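**Q**
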Amino acid sequence: MILQLAWRNIWRNPVRSLVIIISVAAGLFAALAVLALYDGMMISRLRTVIDTETGHLQVHDPGFKDDMEPRYVIKNQARWAILLDKDPAIKCWSSRVVSSGMLATPSGSAGVQVNGINSGKEMPVSGIYGKLLRGLGNSSEQVAVSSKQSRSVDTGLGLTDGRSILIGRKLATKLKLSLGNKVVLTMTDKDANMVSSAMRIRGIYESANTPLDELNVYVSEKELAETLGVPGSIHELAIILKSDDSVSAVQHRYSSLFPGDRVESWKELSPETNLMIDTVDLYSYIIVIIILIALSFGIVNTMLMSVLERRKEIGMMAALGIGKKRLLLMVLTETIFLSLVGVPIALGIGWLAVSYYHKNGLDLSGMGEELMKSFGYESLIYPTYPSDKIPAIILLVLISAILASIFPSLKSVNIKPAEALQK
Amino acid sequence: MNTTVIDAHNISKVYNPKTIPVYAVNNVHLHLTKGEFTALVGPSGSGKTTLLNLIGGLDQPDSGNILINGTDITRLSPSQLVKFRLKNIGFVFQSYNLIPVLTARENAEFIMLLQGMTKSERDARIEQLFRQVGLEGLDNRRPSGLSGGQQQRVAVARALATKPQFILADEPTANLDSKSASNLLDVMYKLNQEENMTFIFSTHDQRVIERAKRVITLVDGRIVSDTAEVNVMEAHKADE
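For the protein sequence lines, the chains are X and Y, in the order given. Residue 14 is where the first sequence starts when you use this note's numbering, and the numbers rise one by one after that. Residue 55 is where the second sequence starts when you use this note's numbering, and the numbers rise one by one after that.
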């Protein structure tokens, strides 16, 4: 009876109830949109980190990460290659020679991280050639170079001659460089001697992470190793797994097999991304809570009006013997109904909207593409419906409804029958 | 043998006790037995409604005791009082006070649900009550679809639903036309005659007063006349 009564009570004033229901639905839809956008951005960022920046795992000599000295090469390189090639959990891997250096031009210079890559193996790991805007136009394979273009790219790859270098667009802009320009790359070899190479820019790339574009330059692995005095050696293995879920297992396995090497996952290599993914849920819930608090005031107001309008009727019910607990329950149930009716509407509309943008993408470039890239985000986001968070959202709505019902409920139980029934 | 239903001793209710005290009920003694059909009469502000509220446990007296079937309701806690009202007292209000979102049947059933009666018990009781008050066929109408007289009969059915000790009716005919008022009084009088149900009315309505077996007149919160006492005195005189 209480449920029936509560349900009918909320429809006594349909317009007022509909306003609140639509407010709840709109608020929750906004919360869902934010959650979906956050999830989409995080997934996008995670894919950028894994697929183009770090891979799932990286392997280094334990001393290498401290100051990137060329002498800290990976031992057992051949054994690594055999095991990685045979491992069914691994999709692809690439070896790299890495050094810090100075890129100088007649107009300026910049500190860079020099990555010596094995062109054939690097493509599936970091997809660097897929991000080329200009250059390497002397060959044979069509590769998508941006969201709108495709270019003829030499996957062989123009970096084999030891004089070619790929630089990021940001660095090119900063140093006013363009294709074909010469630059001088200065590094320290394994014996701490300064070594320099004159190189020609063969390609300019652009990734979703502008700071990394400014920092990383790419040269031939073989030539760089020779320049650094560690011919045939490598400093880094970047590994892409078939599944994101097997990172820990594979990391532990190889750490046991190669105790002399440091095997790190993307979480350790990009701790800021890991932190962001861990905290984004918290921020999302904070946003939902703020929206619900705002809605709660509307609900309190509506319920209070409803209770005060029915003062005489509630007084009569109290006179007949409904009791405070049942009165509280009635007002609480009305508030919960009022709050929950909007939830399926919001979930339904939210699902439709998110599904559409999940398929077609939400282009946020108009809101500051450069800014997003400076934080490592793509400007085309594919929002993801936050199904895993729906139970928590419903729980939060319930909690806010219960909190919103407290004041009106107290008002109702404090109504004195004799006073309320006065003519 | 007449069973005592209400025994009120020396009850007073004062408003504004610290500033200008107004005695709504002043040192009233009242004794009612089972089956009485009593009218409380008096001018506006004489304390009729306050006295009914005190007897019905809707308000607490500032002094005195009210015993209902031997239970002193002035000593009950608020929650005990709610349960006591639910089991022992039926109310009929001037402006019907039905729950507008419930049908006639649900309104009458409401109090039975509060008492935890089973569906079969409720069905049987509703059928009996609606027949008694002449509401057959109107079960599923909401109050807005009923006339004032029909609404008040639903209120009577609701008051009777849990077989209370007595029914307190505060100006039950005040909002009714004469025909509806007369019909309602017929229903209540019949219930009093056939089921020995005790009714206490506060009223200005001469028709109610004419039907009442006992008329208590209040002025300024005091009982100034009680036909029961007159009858007792006349009986004494007759004996002498």
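Think of the CB as a built atom: it goes at the ideal place given N, C-alpha and C, for glycine as much as any other residue. It should be emphasised that the depicted structure is a prediction, and the values quoted were computed from it without experimental measurement.
Determine, for arginine 207(Y), whether the minimum Cβ-Cβ distance to residues of chain X falls below 8 Å.
**A** As a working note, residue 207(Y) is residue 153 in the second sequence. No, because no Cβ of chain X sits closer than 8 Å to the Cβ of arginine 207(Y).
**Q** Sort out for me which residues DSSP pairs aspartate 376(X) with in a bridge.
**A** Within the first sequence, residue 376(X) is the residue found at index 363, counting from 1. Per DSSP, Leu393(X).
**Q** Just the Cα atoms here: how many angstroms apart are tyrosine 231(X) and aspartate 64(X)?
**A** Counting from 1 along the first sequence, the entry for residue 231(X) is found at position 218. Counting from 1 along the first sequence, the entry for residue 64(X) is found at position 51. Rounded to whole angstroms, tyrosine 231(X) to aspartate 64(X) spans 17 Å at the Cα level.
**Q** To the nearest angstrom, report how far apart asparagine 128(X) and leucine 288(X) are at their CA atoms.
**A** Locating residue 128(X) in the first sequence gives position 115, where the first residue counts as 1. Locating residue 288(X) in the first sequence gives position 275, where the first residue counts as 1. Their Cα atoms are separated by approximately 26 Å.
**Q** Do the CB positions of alanine 162(Y) and valine 208(Y) come within less than 8 Å of each other?
**A** Translated into the one-based positions of the second sequence, residue 162(Y) becomes position 108. Translated into the one-based positions of the second sequence, residue 208(Y) becomes position 154. Cβ distance < 8 Å, so alanine 162(Y) and valine 208(Y) count as in contact.
**Q** Does chain X have any CB closer than 8 Å to the CB of phenylalanine 164(Y)?
**A** Stepping through the second sequence from its first residue, residue 164(Y) is reached at position 110. It does; some Cβ of chain X falls within 8 Å.
**Q** Would DSSP call threonine 296(Y) helix, strand or coil?
**A** Beyond the ends of chain Y as shown, which are 55 and 294, falls residue 296(Y); an answer cannot be given.
**Q** Compare the C-beta of methionine 14(X) against all C-beta atoms of chain Y and say whether one is closer than 8 Å.
**A** Residue mapping note: residue 14(X) aligns to position 1 of the first sequence, counting from 1. So, interface residue.
**Q** What does a CB cutoff of less than 7 Å around arginine 29(X) pick up in its chain, not counting 5 residues either side in sequence?
**A** For the purposes of this step, residue 29(X) is taken as the residue at position 16 of the first sequence. Within the same chain, arginine 29(X) has close Cβ partners Thr315.
**Q** Need the endpoints of the beta strand (DSSP E) that lysine 195(X) sits in, please.
**A** Stepping through the first sequence from its first residue, residue 195(X) is reached at position 182. Per DSSP, lysine 195(X) belongs to the beta strand (DSSP E) from 195-201.
**Q** How is the alpha helix (DSSP H) around alanine 46(X) delimited, first residue to last?
**A** The residue you call residue 46(X) lines up with position 33 of the first sequence. First-last of the alpha helix (DSSP H) with alanine 46(X): 27-61.
**Q** Around the C-beta of aspartate 274(X), are 16 or more other C-beta atoms found within 10 angstroms, so that it is buried, or is it exposed?
**A** Within the first sequence, numbered from 1, the residue matching residue 274(X) stands at position 261. Under this definition aspartate 274(X) is a buried residue.
**Q** Span of the beta strand (DSSP E) holding glycine 216(X)?
**A** Start at 1 with the first residue of the first sequence, and residue 216(X) comes out as number 203. Here the beta strand (DSSP E) through glycine 216(X) covers 207-218.
**Q** Along the alpha helix (DSSP H) that carries alanine 332(X), what are the first and last residues, could you check?
**A** Residue mapping note: residue 332(X) aligns to position 319 of the first sequence, counting from 1. Segment 324-333, the alpha helix (DSSP H) holding alanine 332(X).
**Q** Taking buried to mean at least 16 other C-beta atoms within 10 Å of its own C-beta, is glutamine 206(Y) buried or exposed?
**A** Taking the second sequence and counting its residues from 1, the one referred to as residue 206(Y) is at position 152. Result: buried.
**Q** Just to make sure I have the definition right: I need the residues of chain X whose C-beta is within less than 9 Å of the C-beta of valine 59(Y). Which are they?
**A** On the second sequence, position 5 is the one that residue 59(Y) refers to. Correct list: empty, because the minimum Cβ distance to chain X is about 18 Å.
**Q** Since valine 136(Y) meets chain X, which of its residues come closer than 7 Å, beta carbon to beta carbon?
**A** Translated into positions along the second sequence, residue 136(Y) becomes position 82. In chain order: Gly334, Gly336.
**Q** For asparagine 151(Y), go through chain X and note every residue whose CB falls closer than 8 Å to its CB, in chain order.
**A** Here residue 151(Y) refers to the residue found at position 97 when the second sequence is read from its first residue. Under the 8 Å cutoff, chain X gives Lys325, Glu326, Met329, Leu434.
**Q** Any idea what DSSP makes of serine 400(X), helix, strand or coil?
**A** For this step, residue 400(X) is matched to residue 387 along the first sequence. If DSSP states are grouped into helix, strand and coil, serine 400(X) belongs with the helices.
**Q** Could you check the C-alpha separation between isoleucine 252(X) and aspartate 100(X) for me, to the nearest Å?
**A** As a first step, residue 252(X) is located in the first sequence; it is residue number 239 there, counting from the start. As a first step, residue 100(X) is located in the first sequence; it is residue number 87 there, counting from the start. Approximately 11 Å between the Cα atoms of the pair.
**Q** Taking the C-alpha atoms as reference points, what is the distance between glutamine 182(Y) and leucine 189(Y)?
**A** Here residue 182(Y) refers to the residue found at position 128 when the second sequence is read from its first residue. Here residue 189(Y) refers to the residue found at position 135 when the second sequence is read from its first residue. Roughly 10 Å separates the two Cα atoms.
**Q** Using CA coordinates, which residue listed in Gly96(Y), Arg265(Y), Phe220(Y) is at the minimum distance from isoleucine 143(Y)?
**A** Here residue 143(Y) refers to the residue found at position 89 of the second sequence. It is Phe220(Y) whose Cα lies nearest to the Cα of isoleucine 143(Y).
**Q** Going by the DSSP bridge assignment, what does alanine 162(Y) pair with across the sheet?
**A** Within the second sequence, the letter at position 108 stands for residue 162(Y). Paired residues: none, contrary to the question.
**Q** Tell me which residue opens and which closes the beta strand (DSSP E) that arginine 276(Y) is part of.
**A** Counted from its first residue, the second sequence places residue 276(Y) at position 222. Taken as a continuous stretch (DSSP letters only), the beta strand (DSSP E) holding arginine 276(Y) covers 276-280.
**Q** Is valine 196(X) near methionine 212(X), with beta carbons less than 8 Å apart?
**A** If you number the first sequence from 1, residue 196(X) lands on position 183. If you number the first sequence from 1, residue 212(X) lands on position 199. Cβ atoms of valine 196(X) and methionine 212(X): closer than 8 Å.
**Q** How about aspartate 280(Y): is its C-beta nearer than 8 Å to some C-beta of chain X?
**A** In the second sequence, the residue the question calls residue 280(Y) occupies position 226. No, aspartate 280(Y) does not count as interfacial toward chain X.
**Q** Could you check how far apart the C-beta atoms of valine 263(X) and leucine 96(X) are, in whole angstroms? I think they sit under 8 Å.
**A** Taking the first residue of the first sequence as 1, we reach residue 263(X) at position 250. Taking the first residue of the first sequence as 1, we reach residue 96(X) at position 83. No, valine 263(X) and leucine 96(X) are not in contact; Cβ-Cβ is about 11 Å, not under 8 Å.
**Q** Does asparagine 64(Y) have its Cβ less than 8 Å from a Cβ in chain X?
**A** One-based indexing of the second sequence puts residue 64(Y) at position 10. No, its Cβ sits nowhere closer than 8 Å to a Cβ of chain X.
**Q** In the DSSP output, what is asparagine 128(X) paired with across the bridge?
**A** Position 115 of the first sequence, counting from 1, holds the residue named residue 128(X). Answer by DSSP bridge pairing, in chain order: Val111(X), Tyr231(X).
**Q** Report yes or no: do three or more beta-carbon pairs, one from the stretch 37-54 of chain X and one from the stretch 163-176 of chain Y, lie closer than 8 Å?
**A** Counting Cβ pairs under 8 Å, fewer than three are found: no touch.
**Q** Taking C-beta pairs closer than 9 Å, name the residues in chain Y that phenylalanine 18(X) reaches, listed in chain order.
**A** If you number the first sequence from 1, residue 18(X) lands on position 5. Here residue 18(X) turns out to be leucine, not phenylalanine, going by the sequence shown. Residues of chain Y passing the Cβ test: Ile153, Val155, Leu156, Glu160, Phe164.
**Q** Quick check: is the beta carbon of phenylalanine 147(Y) nearer than 8 Å to any beta carbon in chain X?
**A** Within the second sequence, residue 147(Y) is the residue found at index 93, counting from 1. Chain X, which has a Cβ nearer than 8 Å to the Cβ of phenylalanine 147(Y), makes this yes.
**Q** Counting only beta-carbon separations shorter than 8 Å, does arginine 29(X) have a partner in chain C?
**A** Within the model displayed, chain C is absent; protein chains X and Y are what it includes.
**Q** Residues of chain Y with a CB under 7 Å from the CB of proline 430(X): which are they?
**A** Numbered from 1 along the first sequence, position 417 holds the residue referred to as residue 430(X). By Cβ distance, chain Y contributes Leu112.
**Q** Between the stretch 117-134 of chain Y and the stretch 193-205 of chain Y, do three or more beta carbon pairs fall short of 8 Å?
**A** Touching, no.
**Q** So, are the CB atoms of lysine 134(X) and serine 107(X) less than 8 Å apart?
**A** The count along the first sequence starts at 1 and reaches residue 134(X) at position 121. The count along the first sequence starts at 1 and reaches residue 107(X) at position 94. Contact flag set, yes.
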